[in-house]
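Chains as they are written, first to last, in the numbering used here: chain A, 258 to 717; chain B, -4 to 222.
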C-alpha cells in the first residue's frame, strides 16, 4: 500500500460504484446515480445491487467483486449493518468509499461499536473511507458528485478555486447552493461526517498541493487530532488562504480544570490559538463566511493589512475606516510622496487624505487616478472603493476603468456599494469586471480582513 | 483522582530551575522558623499556608501580607491556621511559606495547560487575581517564539498597562516575553504537567517577579496509557 496520506485516487477517481443503486424515483441511491450522471463524471460508473439487472439503463452488478475491475470509489447507499459485509467481500478490489449511511457513532454506543468494526475492516482491506454519516464529494475537477440531494433542490456551483471541507453535510450543501446563486466557483467539496478515517487534515494535505484549489474554507464543529490538524493546516495556509468557521463556541472545557488558566480555557479559546498558530483565518459566523468566500472567489490575497479607502462620500469612508480599525486592519495616512501627484489630479481646494473623499464633484477619471496613484508602490496592500452613484460625474465606464487599475496593480480592490435601486442596478457593471461587490462598509471590511489574512480581533 | 497538586514551594522550584525570578523566602513548619526566616529575609514579609488541598490560598484565608515585625508574623500564623481550619477543614496543612513582600508593579497572569486535542497551550492575561472577572486573556499553542509572546501581549485589552499608561514607567516587556516563552517550554517539556500558572507575575520597569505559582500534574491511568 502506498502513502496513506496520498488521497489522489479519492479526489480523482477513474471508476465509481454506487452500492445499493436503484431506479426507484426519490430514493437516495437513485438521486446519487442522477448526480453522478448529470455531473458528467467521465469515468466508469457501476451500479451495484443484487436485486436488479439494470439501473438507469446501465448494467447493474450483484456485488463489487462481480464488476471484475478495480474500483477507485464506492458510494455506499445501503443500511449501516450491510456496509461491513460489503467491505469484507470487496477483497482488495476497492480503494476508497463514501459511506453515506447514518446509524454509526452519531447514534450512541451500539452505532459506535459498528463504526469501530467498519474501521477495522476498512483498515484490513486497505479501503479509505469518507464518512460515515456524510454527503460525500462534489468535485468540479474530477466531476464527481455523490450528493443525495437533487440538483433541483440544491444547485451545484460552477468550477472555481474554492474548496469546502465540512463536518456538516447540510452546511456544505447550503453554502454550495448560495455559491451557485452568487456565482462563486468551487474546486472540491468534501462532507466527511463522522470522519471515521479521512479527516480535515488529510484533505488539507491533498488540497495544499492541489493546483485546482486556491483557497480552502472549513466548517468545523470539533477536531480530534489537534496536532495533526495544526500541522496540515499550517502547510496548506503557507500556500493558500485557509478560512474556518468554528461552531460550538460556548462549550466549556472538557476537563474539570481548577487553576485560573484552566477555568478561562474554554474549548473555543484553544481553537482560536490553534487557528492562530496554523495561520487559519477564522470567520465569526455564516455572514462573514459568505463575505469571505465572495472575496476569495474573485480577488487575490493581500500581502498585508494596510488599507486605502477611496470614496465619493465622506460618511461612508469614515464608516469603512472605523470598521477597519475594529477588525484590526490599518488605515495608514497618505505618505508625503503621494500627496503631490494626487493633488495634481484634483482642483486646488482639495484635501487629500486616507480615507480619500473625492466628493460630489467626482468623475470617472478622478476615481481611476486616485486608485492608480495610491496602489502604486508599497504604501498600501488593499483598497476599498466605496463608489456612491449619486454624483453625475460617475458613468458606467467607471467600473471598467477601476478594474484595469486593479488588475495592473495585482492588489485586491474591494468594492463597497451601498444604496437603493439605482445603485443595485449598477452592481452587475462591477461584477462583469470581476469585482466582488459588498452592500455595507462592514461586509466590505469583513472581506478585506479575510484577504489580508488578519486574525479575528478578540474584541470588536 | 489521578491529579497531583504541587505545593507553592514546589511549583516555584520549577520556576527557579527555569531562571524565572521568585521572591526570596523559605518553606517552614513552625512559627519560630517563620520568625527567624523573616528576620533573615528582612521585613516586610508575606506568610502563606501550604496544602495540596488548597489551590486558591487567598480564598481560603491562607495569605497574610505586609507583616512588619515578629508580632505580625505570630498573629498572622494564628489567624491563617484558624481561617484555614474553618474554610478547608479536610485540607492537610504541610507547612507555610514565608517570603519577602514583592514591590508593587503591573500584575499579569502567565498560565499553561495541556489541552486534550491541541496539546500544550499558553495563556497570557492582565488583571492578576481578577483575571476570571476581567477575562482579558489570550491563548497560543506551545512552544512559542518570542514574537508570538509579544503578539499575545498585544492581543489583550490591558496591553497599554504594560507600555506605560499615563506617564508611568513602561514595563519590561522583554522580560515578560521571556517568561511567557519559558512557561510554554515548561508545559511542552514536562511530562504529566497538566496546568501550570504564575499568578500574579509582577512586571516592573526592569525585571519581573513570580509572586505565586501553581502546578497540577495528571498521570494517565494505566488502562488508558496505550492510547
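Every residue gets a Cβ at the ideal spot worked out from N, C-alpha and C, and that includes glycine.
Just so you know, these numbers come straight off a predicted model, no measurement behind them.
Return helix, strand or coil for residue 554 of chain A, following the three-state DSSP convention. In the first chain, counting from the first residue as 1, residue 554 of chain A sits at position 297. Three-state result, residue 554 of chain A: helix.
For residue 650 of chain A, which residues of its own chain have a beta-carbon under 6 Å away from its beta-carbon, when the five flanking residues on both sides are left out? The sequence position of residue 650 of chain A within the first chain is 393, counting from 1. 619 and 620, listed in sequence order.
Check each residue of the stretch 156 to 190 of chain B: if its Cβ is closer than 9 Å to any Cβ of chain A, include it; give the result in chain order. 189 and 190
Pair within 8 Å by beta-carbon distance, residue 334 of chain A and residue 276 of chain A: Here residue 334 of chain A refers to the residue found at position 77 when the first chain is read from its first residue. Here residue 276 of chain A refers to the residue found at position 19 when the first chain is read from its first residue. Yes. Within cutoff.
Could you give the DSSP three-state label for residue 173 of chain B: helix, strand or coil? Taking the first residue of the second chain as 1, we reach residue 173 of chain B at position 178. Here residue 173 of chain B sits in helix by DSSP.
Let me check one thing: in DSSP terms, what residues is residue 518 of chain A bridge-paired to? For the purposes of this step, residue 518 of chain A is identified with residue 261 of the first chain, where counting begins at 1. DSSP output for residue 518 of chain A lists no bridge partner at all.
Could you name the residues of the stretch 475 to 496 of chain A whose beta carbon sits closer than 9 Å to any beta carbon of chain B, in the order they occur along the chain? 479, 480, 481, 482, 483, 484, 486 and 487
Going by alpha carbons, who is nearest to residue 662 of chain A out of A:623, A:476 and A:309? Here residue 662 of chain A refers to the residue found at position 405 when the first chain is read from its first residue. Cα-wise, what sits closest to residue 662 of chain A is A:623.
Using only the heavy atoms of the ligand NAP, determine whether one of them is closer than 7 Å to the beta carbon of residue 708 of chain A. Ligands are entirely absent from the displayed structure, and the ligand NAP is therefore not among its contents.
Can you tell me whether DSSP reads residue 566 of chain A as helix, strand or coil? As a position in the first chain, residue 566 of chain A is number 309, starting the count at 1. Strand.
Could one say the Cβ of residue 9 of chain B lies closer than 8 Å to chain A's Cβ atoms, at least one of them? What you label residue 9 of chain B is simply residue 14 of the second chain in a count that begins at 1. So, not an interface residue.
Whole angstroms are fine: how far does the CA of residue 419 of chain A sit from the CA of residue 711 of chain A? Numbered from 1 along the first chain, position 454 holds the residue referred to as residue 711 of chain A. Numbered from 1 along the first chain, position 162 holds the residue referred to as residue 419 of chain A. One C-alpha to the other measures close to 19 Å.
My understanding is that residue 205 of chain B touches residue 16 of chain B, with C-beta atoms under 8 Å, so please give their C-beta distance in whole angstroms. Sequence index remark: in the second chain, residue 205 of chain B carries index 210 (1-based). Sequence index remark: in the second chain, residue 16 of chain B carries index 21 (1-based). The Cβ separation is near 7 Å, so the contact holds.
What residues in the stretch 518 to 550 of chain A bring their beta carbon closer than 9 Å to a beta carbon of chain B? 518, 519, 520, 521, 522, 524, 526, 527, 528, 529, 530, 531, 533, 534 and 535
Are there 16 or more other CB atoms within 10 angstroms of the CB of residue 214 of chain B, so buried, or fewer, so exposed? Residue numbering aside, residue 214 of chain B sits at position 219 when the second chain is read from its first letter. Classification of residue 214 of chain B: exposed, given that the 10 Å Cβ count is below 16.
Residue 528 of chain A, enclosing alpha helix (DSSP H) - first and last residue: Translated into the one-based positions of the first chain, residue 528 of chain A becomes position 271. Looking at the DSSP string, the run of the alpha helix (DSSP H) that includes residue 528 of chain A is 524 to 535.
Same chain only: Cβ atoms within 7 Å of residue 176 of chain B, ignoring 5 sequence neighbours per side: Position 181 of the second chain holds residue 176 of chain B. Correct list, in chain order: 139, 141 and 144.
Residue-level contact to chain A via CB, residue 118 of chain B, 8 Å cutoff: Start at 1 with the first residue of the second chain, and residue 118 of chain B comes out as number 123. Taking Cβ atoms only, chain A reaches closer than 8 Å to residue 118 of chain B, which makes this a yes.
Report the three-state DSSP secondary structure of residue 391 of chain A (helix, strand or coil). Working through the first chain from its first residue, we reach residue 391 of chain A at position 134. Note: residue 391 of chain A maps to coil in three-state DSSP.
By alpha-carbon positions, which one of A:709, A:403 and A:413 ends up nearest to residue 730 of chain A? Residue 730 of chain A lies beyond the residue range present for chain A, which begins at 258 and ends at 717; the question has no answer from this structure.
Would you say residue 286 of chain A and residue 328 of chain A are within 8 Å of each other, going by their C-beta atoms? On the first chain, position 29 is the one that residue 286 of chain A refers to. On the first chain, position 71 is the one that residue 328 of chain A refers to. The answer is no: Cβ separation not under 8 Å.
Rounded to whole angstroms, how far is the Cβ of residue 151 of chain B from the Cβ of residue 131 of chain B, which I believe are closer than 8 Å? In the second chain, the residue the question calls residue 151 of chain B occupies position 156. In the second chain, the residue the question calls residue 131 of chain B occupies position 136. Yes, they are in contact, since the Cβ atoms of residue 151 of chain B and residue 131 of chain B sit about 5 Å apart, within 8 Å.
Is residue 135 of chain B close to chain A? Criterion is C-beta to C-beta, closer than 8 Å. Counted from its first residue, the second chain places residue 135 of chain B at position 140. Yes, residue 135 of chain B counts as interfacial toward chain A.
Within the continuous alpha helix (DSSP H) that includes residue 35 of chain B, where are the two ends? Residue mapping note: residue 35 of chain B aligns to position 40 of the second chain, counting from 1. Run containing residue 35 of chain B: 26 to 36, per the alpha helix (DSSP H) assignment.
Just the C-alpha distance for residue 54 of chain B and residue 76 of chain B, rounded to the nearest angstrom, thanks. By 1-based counting over the second chain, the position of residue 54 of chain B is 59. By 1-based counting over the second chain, the position of residue 76 of chain B is 81. In a straight line, the C-alpha of residue 54 of chain B is about 14 Å away from that of residue 76 of chain B.
How far does the alpha helix (DSSP H) with residue 82 of chain B in it extend, from its first residue to its last? Taking the first residue of the second chain as 1, we reach residue 82 of chain B at position 87. Residue 82 of chain B -> alpha helix (DSSP H) spans 65 to 82.
Name the one or two DSSP bridge partners that residue 303 of chain A has. Here residue 303 of chain A refers to the residue found at position 46 of the first chain. Beta-bridge pairing links residue 303 of chain A to A:274.
How far does the beta strand (DSSP E) with residue 421 of chain A in it reach, from first residue to last? Counting from 1 along the first chain, the entry for residue 421 of chain A is found at position 164. Element bounds for residue 421 of chain A: 416 to 423.
Verify the CB distance criterion: does residue 42 of chain B have a CB-CB separation below 8 Å to chain A? Here residue 42 of chain B refers to the residue found at position 47 when the second chain is read from its first residue. Residue 42 of chain B does not count as touching chain A.
Evaluate contact between the stretch 433 to 453 of chain A and the stretch 387 to 397 of chain A, counting only Cβ atoms and requiring at least three cross-stretch pairs below 8 Å. yes
Please list the partners that residue 78 of chain B has in chain A, where partner means a Cβ-to-Cβ separation under 9 Å. Residue mapping note: residue 78 of chain B aligns to position 83 of the second chain, counting from 1. Ordered by position in chain A, no residue passes the 9 Å Cβ test against residue 78 of chain B, which lies about 20 Å from the chain.
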